[in-house]
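Letter by letter, the sequence shown follows residues 1 to 138 in the UniProt record's numbering.
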Amino acid sequence: MSDPAAVSSASPSPSGNLGVASVSLTDVSTPPTTNVSHAAGIPSNMIVPVPMPIPGTQNAPHFNGKFATDFLNRILLHGKAAGFMDTDRNMLVDYIYHYSSDLIKESICYLPEFDIELPNKTWQAAVEQLTSMLSGLI
């Protein structure tokens, strides 16, 4: 064969003899492509959640008692990137404890709004309690 990229197939001719049909790969139309990231093989319009940062790592929020609103907003931003919806905020309450300094942890660990052993905590109650505690320190 002259074209190494050709694909051959045997098919019977009208006379009953086997003939060889060649199809060049350049003649075959390619299927439409989708917008895919070749590095990861993931469609670029697909949202891939990023896990919440591990406490104590470089990108993890840290709360030492200052700038509480910024700290809480950072938890919400990380939560959104991790796939938590606005309706899932209650699931982020334990991160307030985990991302806090040891001094803050000691202050909040047994309060029902932050106790990681208790179920049914709410974001709103935790924010109100934290704000109330900090307003007494200012």
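Each residue gets a CB set at the ideal place from its N, CA and C atoms; glycine is no exception.
Being a predicted model, the structure only gives us computed values, none of them experimental.
So which of the options has the shortest CA-CA distance to residue i?
| i | options | result |
| --- | --- | --- |
| Asp88 | Leu77, Asp70 and Ser100 | Leu77 |
| Trp123 | Asn59, Ile104, Gly79 and Ile54 | Gly79 |
| Pro112 | Ser101, Asp102 and Glu128 | Glu128 |
| Thr57 | Leu118, Phe71, Thr131 and Tyr99 | Tyr99 |
| Ala125 | Tyr110, Ala68, Phe71 and Asn90 | Asn90 |
| Ile47 | Gly83, Pro55, His62 and Phe63 | Gly83 |
| Phe63 | Pro119, Glu106, Glu117 and Leu118 | Glu106 |
| Met52 | Phe67, Thr69 and Tyr95 | Tyr95 |
| Ser135 | Pro61, Asn45 and Phe67 | Phe67 |
Tell me, which residues are paired with residue i by DSSP?
| i | result |
| --- | --- |
| Phe63 | Ser100 |
Please go through the same chain and pick out, in chain order, the residues whose beta-carbon is closer than 8 angstroms to the beta-carbon of residue i, but skip the five residues on each side of it.
| i | result |
| --- | --- |
| Ala81 | Pro49 and Val50 |
| Ile104 | Phe63, Asn64 and Gly65 |
| Tyr97 | Lys105, Ile108, Cys109, Phe114 and Ile116 |
| Met85 | none |
Using C-beta distances below 7 angstroms, list every residue in its chain close to residue i, excluding the 5 sequence neighbours before and after it, in chain order.
| i | result |
| --- | --- |
| Leu72 | Val127 |
| Thr131 | Ala68 |
Tell me the rounded alpha-carbon separation between residue i and residue j.
| i | j | result |
| --- | --- | --- |
| Asp115 | Asn59 | 24 angstroms |
| Met133 | Ile54 | 26 angstroms |
| Cys109 | Leu118 | 11 angstroms |
| Ser101 | Asp70 | 15 angstroms |
| Val93 | Lys121 | 7 angstroms |
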